[in-house]
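Throughout the sequence shown, residue numbering follows the numbering used here, covering 205 to 524 in sequence.
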Amino acid sequence: MSSSGNEETPSVSIVMTTFNGKKNLIEQLDSIRLQEKAEFEVIIKDDCSVDNTVGIINDYIKKYRLDNIKLFVNKCNIGFRENFISAIENSSGDLIFLCDQDDIWRSDKIEKMTEAMIRFSEIDLLACGFTELVEDGGIKNRIQCKTVKYDESGSIRKVAEPDNLLEVPYPGCTYCVRRTFYDRCKKYWLKTCPHDAFLWRSAEVMNTAYVYDLELMIWRKHGESSWNIENRKDSGSTDIKWRNAEEAELKMLLNYAKNEVSDNVGIKKKIVNNLEWVRLRKKLIQQKDIRSGLRLIRHLNLYPRFRTYIRDWVVAFSAR
205 MSSSGNEETP SVSIVMTTFN GKKNLIEQLD SIRLQEKAEF EVIIKDDCSV DNTVGIINDY
265 IKKYRLDNIK LFVNKCNIGF RENFISAIEN SSGDLIFLCD QDDIWRSDKI EKMTEAMIRF
325 SEIDLLACGF TELVEDGGIK NRIQCKTVKY DESGSIRKVA EPDNLLEVPY PGCTYCVRRT
385 FYDRCKKYWL KTCPHDAFLW RSAEVMNTAY VYDLELMIWR KHGESSWNIE NRKDSGSTDI
445 KWRNAEEAEL KMLLNYAKNE VSDNVGIKKK IVNNLEWVRL RKKLIQQKDI RSGLRLIRHL
505 NLYPRFRTYI RDWVVAFSAR
């Protein structure tokens, strides 16, 4: 990596979305308020909470006289995907920090990551290391970054372009995103795609995703996250829904690469390979097509684990 030498201080926005988050909200707000970097705006967008989330936030703002926090409350529930993108649109900072309602940030998270973004202008998306706090109902993720040995020096490394472009190894709450990058890619966002997956994949296509190997936050995992609730609600739906969403997102990435990446031959080939994999999986499950299942052997490197390939066969031929 090369240092840009640009010492101009960018403006910073923290973008948080909330929905029925009263249980852990104060811990997150405290960790933001006590950040060592003093100047930043906080944009909070509530998606029609039915608990006292909005009241807690308003009381917190009044208690600490926090002029830098702006709270928006949706008129109707729009879901976490659209709510996050909408909240980003309400922000104004040159750097955008994505924030969940129930984590805990280390006091130097903004300072450390802002310094890195100033120093290295080639970074569009910077993810930081984290510690998982798994509560009742939470699932410990098989996260790629957990293989990294953290120390206080904190190296900054470029993300190697993966075979599977659908994998997102770092949660959005670890991200700092450059505004110019977001403005460039936002027109390609699909409403079916979570904000963090969209931003991570877009940065991978641009070859501008980096990781700061320093644990700068605690990521709380529990059974009542928006993602877990949605998955429970959709438990009766078929895998075809997910394959359709993946296919649409890969088509979007291909369009993005064609329009926004100058040297795009390699990444286009990889996206097309991912598209073939998703389509073969869909054909195996939807049509019980044995030839498609056998052709998937060529794409075993795209499966997170071998048993997921076996599961595709089980889903395809199990009684429904």
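Ideal Cβ placement from N, Cα and C applies to all residues, glycine included.
Proximity of residue i and residue j at Cβ, strictly below 8 Å
i	j	result
N287	D251	yes
I314	F244	yes
C380	M421	no
N262	L270	no
L369	K474	yes
T396	A449	yes
M220	V246	yes
I292	Y386	yes
R483	D306	no
G376	L418	no
I260	I273	no
Contacts around residue i, its chain only, beta-carbon distance under 6 Å, and the 5 residues preceding and following it disregarded
i	result
N281	D251, C252
D493	K487
G231	Residue identity check: residue 231 is Glu in the sequence provided, not Gly. These residues qualify, in order along the chain: I308.
D467	none
I343	Caution applies to I343, whose pLDDT of 47 falls short of 50 and renders its modelled position unreliable; the model cannot decide the point.
L458	I475
R382	D328
E319	none
E371	none
W235	According to the sequence provided, residue 235 is Ser. The question's Trp does not apply to it. Here the set comprises I308, W309.
Neighbour flag for residue i against chain B, beta carbons, 8 Å
i	result
Y392	The chain labelled as chain B is not found in the depicted structure, where only one protein chain is given.
Residues near residue i in its chain [Cβ-Cβ closer than 8 Å; skip 5 each side]
i	result
Y460	C389, Y392, S406, V409
R495	none
I489	T442, D443, I444, R447, D516, V519, A520
D438	Note that D438 scores 44 on pLDDT, short of 50, meaning its location in the model is unreliable; the coordinates nonetheless yield the value given after this. Closer than 8 Å at the Cβ level, and outside the excluded window around D438, lie K445.
R237	Y268, L270
K472	L458, A461, K462
F527	No information on residue 527 is available, as it lies outside the stretch 205 to 524 that the chain covers here.
R285	K395, T396, C397, P398, H399
E451	L479, V482, R483, K486
Among the options, the one whose alpha carbon lies nearest that of residue i
i	options	result
K241	V482, D312, N463	D312
K455	D387, P366, W423, F402	F402
L498	E419, R485, N224	R485
E453	E365, D417, H399, L418	H399
V465	N411, P508, R285	N411
I279	E365, K249, N272	Per the sequence shown, the amino acid found at residue 279 is Lys instead of Ile. Among E365, K249, N272, the Cα nearest to that of K279 is on K249.
Y507	P366, Q239, I327	P366
L337	E371, N228, T512, R511	N228
C303	G225, E319, D328, A320	G225
T222	S235, D234, Q239, G283	G283
W404	R511, D234, I322, L329	L329
R310	G470, R285, Q239, E319	Q239
Sequence-distant residues of the same chain with beta carbon closer than 7 Å to residue i, five excluded per side
i	result
T378	A331, C332, F334, M421
S294	Note on residue identity: the sequence assigns Asn, not Ser, to residue 294. Cβ within range, chain order: I247, K249, F276.
Y513	L500, L504, Y507
V363	E408, A413, Y414, V415
V469	none
L233	Y264
S522	none
query: If you scan the region 295-320 from start to end, which runs of the beta strand (DSSP E) of 3 or more residues do you find wholly inside it?
result: Every beta strand (DSSP E) stretch that sits fully inside the region 295-320 and reaches 3 residues is listed by chain position as 299-303.
query: With contact counted as at least three CB pairs below 8 Å, one residue from each stretch, are the region 471-482 and the region 498-513 in contact?
result: The region 471-482, when compared against the region 498-513, does touch it at the 8 Å Cβ threshold.
task: Tell me the start and end of each unbroken alpha helix (DSSP H) in the region 225-255 that is at least 4 residues and wholly inside, in chain order.
output: Taking only runs of at least 4 residues, the alpha helix (DSSP H) segments lying wholly in the region 225-255 are 229-237.
query: Between the region 209-229 and the region 290-305, are three or more C-beta pairs nearer than 8 Å?
result: Short answer: they touch.
- request: Write down every uninterrupted run of the alpha helix (DSSP H) in the region 381-434 whose length is 4 residues or greater and which is fully enclosed by it, in chain order.
  value: Note on the region 381-434: whole alpha helix (DSSP H) runs with a minimum of 4 residues are 383-389, 399-410, in chain order.
Every unbroken beta strand (DSSP E) within the region 473-503, with a cutoff of 3 residues, ordered by chain: Complete beta strand (DSSP E) runs here, min 3: none at all.
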